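Chemist: There's a structure below that I have some questions on.
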Ligand code: HEM
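Numbering (the working numbering), first residue to last: 2 to 130.
Below, the structure is given as structure tokens:
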């Protein structure tokens, strides 16, 4: 029986299940597997990020723009909208598999917006380098 996303435990399950899919994905898994070495702390950070996003708890203080610009640099400016599309498909798939309700729609919308924002920033950043 699928539930609503109600608390940090739900967000943590979402994040763990999502990154299992990401890591196993043949097209985009390597970006993550070759960059993230401490998975426990990455998953904790991303749980903070999405919990912050949904429940306004002020736990995440990172800089996603800078993080993704660095990843783009590391992989020779190879990040493109298709890669963000694959990321979003897995995000939507995981949300729909595990949960129902308004917060599912909110997290789909926020990720879509953020993906566009990060991609535009990556293009902007390339002009500077
Ligand atoms: C809407 C889409 C995405 C969202 C919301 C998102 C969100 C995040 C966040 C919040 C972090 C942590 C940043 C920090 O504070 O250190 C992160 C890290 C990371 N993301 Fe994304 N991301 C998205 C798409 C992607 C895509 C498409 C890629 C593939 C290239 C990617 C690769 C990474 C990697 C490798 C890290 C780890 C960076 C590091 O620790 O050095 N992300 N992402």
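Just so it is clear, CB atoms sit at the ideal spot from N, CA and C, and this is done for glycine as well. All values derive from a computational prediction rather than experimental measurement.
Checking the sheet assignment: what are the DSSP bridge partners for residue 4?
Modeler: Paired residues: 100.
Chemist: For residue 33, which of helix, strand or coil comes out of DSSP?
Modeler: Helix at residue 33.
Chemist: If contacts are defined as beta-carbon pairs under 8 Å, then residue 48 and residue 16 qualify, I think. What distance do you get, rounded to the angstrom?
Modeler: Residue 48 to residue 16, Cβ: 5 Å. Contact.
Chemist: Rounded to whole angstroms, how far is the Cβ of residue 44 from the Cβ of residue 6, which I believe are closer than 8 Å?
Modeler: So it is not a contact: roughly 16 Å between Cβ atoms.
Chemist: Quick check on DSSP: helix, strand or coil for residue 27?
Modeler: DSSP places residue 27 in coil when its eight states are reduced to three.
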